[in-house]
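*Asks:*
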Amino acid sequence: MVIIERLIMHFMEGFFMIGAGLGVLGIRLKMPIMTAIACLYGLMTYSVRQFYIINKIPFGTHTFVLIACFVLLLMVLGKQTFFTSLSASLISLVLLIMADGVILAPALTYLRINPVTIATKPGGLLLAGLISNALLIVTFFITYVLKIQFASLVFEIKNKG
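Its first residue numbered 944, the sequence shown is counted upward by one per residue in the working numbering.
#1: Residues in its own chain within less than 7 Å of LEU1069 by CB, not counting five upstream and five downstream?
#2: DSSP three-state label for VAL1059, please.
#3: Is it a yes or a no for the region 962 to 979 touching the region 994 to 1009, going by three-plus beta-carbon pairs under 8 Å?
#4: Comparing C-alpha positions only, which one of PHE1013, ILE1074, ASN998 sits nearest to ALA979?
#5: Ignore the nearest five residues each way along the sequence and tell me which others in VAL1097's own chain have a CB closer than 6 Å to its CB.
#6: Using only the alpha-carbon positions, how far apart do PRO1065 and VAL945 sit?
#7: What three-state label does DSSP hand ARG992 in the structure shown?
#8: If we define contact as Cβ-Cβ less than 8 Å, is THR1027 a contact residue for chain D?
#9: Under the three-state reduction of DSSP, which class applies to ARG949: helix, strand or coil?
#10: Can you tell me the Cα-Cα spacing of LEU1054 and LEU1020, whole angstroms?
#11: Please list the terminal residues of the continuous alpha helix (DSSP H) segment that includes VAL1081.
#12: Do GLN1023 and LEU1015 have their beta-carbon atoms positioned less than 8 Å apart in this structure?
#13: Should LEU1078 and LEU1033 be called a contact, given that it needs their Cβ atoms to be closer than 8 Å?
#14: Using only alpha-carbon positions, find the residue among ILE1046, ILE1040, THR1082, ILE961 that is nearest to CYS982.
#15: Considering MET944, what are the terminal residues of the alpha helix (DSSP H) in which it resides?
#16: Taking all protein chains shown into account, decide if LEU1030 is buried (16 or more other Cβ within 10 angstroms of its Cβ) or exposed.
#17: Among SER1035, TYR995, TYR984, PRO1001, whose alpha-carbon lies nearest the alpha-carbon of GLY966?
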C-alpha cells in the first residue's frame, strides 16, 4: 500500500510540475501527454529514490538526476526545446522547494500531525504530498485552468511602463 501511495504522490507531483512549470511560460500540453509524462516521471522519481536508499547514498544529488529526467521527458514526449524544458523544471522546483519549506512544516504543526507517523497511516503520504505540492497546485490552476500567463503579464507590464 505504501508503494502505491508513493507512486500516486510522485505522479501528482509530476503532473502539477508539468502544468505549473509550462503554464507559467504560457504553454499548455494536452492531458494525455501530461499524463504520460507524469506517469514516467513518477516511476523515475520512485526508482531514483529507492536506488539512493538501497545504496545508502545521501539525498541531495538525486534532485539533479530528477531534474535531468524531467527535462528529457519534456523534450522527448512534450516536444519542448531544451531551454523551455529547463525553465519549466526550474520553475517547478522552486515552487516545490518553497512549499516544502514554507507550507509543509507549519501545516503539519497546525494540523497536529507528527511527521514521523504520517508515513505509517493510510493516506498520510498523499496528505503530505498534497500539502507539499500546494504552490504547484495553485500555480497549475491559475496558469493551466484559468489560462493566466505570468510570463506574458511580466512582458505586458514591462512594455506599458
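Heads up, the beta-carbon is just placed ideally off N, CA and C, and yes, glycines get one too.
Predicted, not measured: the structure shown is a model, and the values here were computed from it.
*Replies:* Quick look at the numbers:
#1: Residue 1069 sits at position 126 when you count from the first residue of the sequence shown. Excluding sequence neighbours, LEU1069 sits near GLU948, ILE951, MET952.
#2: The count along the sequence shown starts at 1 and reaches residue 1059 at position 116. Residue state, collapsed to three classes: coil.
#3: no
#4: Mapped onto the sequence shown, residue 979 falls at position 36. Checking every option, the nearest Cα to that of ALA979 belongs to PHE1013.
#5: Within the sequence shown, residue 1097 is the residue found at index 154, counting from 1. Per-residue confidence for VAL1097 stands at a pLDDT of 48, beneath the threshold of 50, marking its modelled position as unreliable; the derived number appears in the next sentence. Nothing meets the Cβ criterion.
#6: In the sequence shown, the residue the question calls residue 1065 occupies position 122. In the sequence shown, the residue the question calls residue 945 occupies position 2. Going from the Cα of PRO1065 to the Cα of VAL945 covers about 8 Å.
#7: Mapped onto the sequence shown, residue 992 falls at position 49. Here ARG992 sits in helix by DSSP.
#8: Checking the listed chains, one finds no chain D in this structure; it contains a single protein chain.
#9: Here residue 949 refers to the residue found at position 6 when the sequence shown is read from its first residue. Note: ARG949 maps to helix in three-state DSSP.
#10: For the purposes of this step, residue 1054 is taken as the residue at position 111 of the sequence shown. For the purposes of this step, residue 1020 is taken as the residue at position 77 of the sequence shown. Straight-line Cα distance between these residues: approximately 39 Å.
#11: Taking the sequence shown and counting its residues from 1, the one referred to as residue 1081 is at position 138. Its alpha helix (DSSP H) spans residues 1077 to 1083.
#12: Taking the first residue of the sequence shown as position 1, residue 1015 is located at position 72. Taking the first residue of the sequence shown as position 1, residue 1023 is located at position 80. No, Cβ-Cβ distance for LEU1015 and GLN1023 is not below 8 Å.
#13: Here residue 1078 refers to the residue found at position 135 when the sequence shown is read from its first residue. Here residue 1033 refers to the residue found at position 90 when the sequence shown is read from its first residue. Going by C-beta atoms, LEU1078 is not nearer than 8 Å to LEU1033.
#14: Numbered from 1 along the sequence shown, position 39 holds the residue referred to as residue 982. Out of ILE1046, ILE1040, THR1082, ILE961, ILE961 has the C-alpha closest to the C-alpha of CYS982.
#15: Position 1 of the sequence shown holds residue 944. From DSSP, MET944 is part of no alpha helix (DSSP H); its letter is neither H nor E.
#16: For this step, residue 1030 is matched to residue 87 along the sequence shown. Leu is not the amino acid found at residue 1030; the sequence shown has Ser there. Result: buried.
#17: The sequence position of residue 966 within the sequence shown is 23, counting from 1. Checked all of SER1035, TYR995, TYR984, PRO1001; the closest Cα to GLY966 is SER1035.
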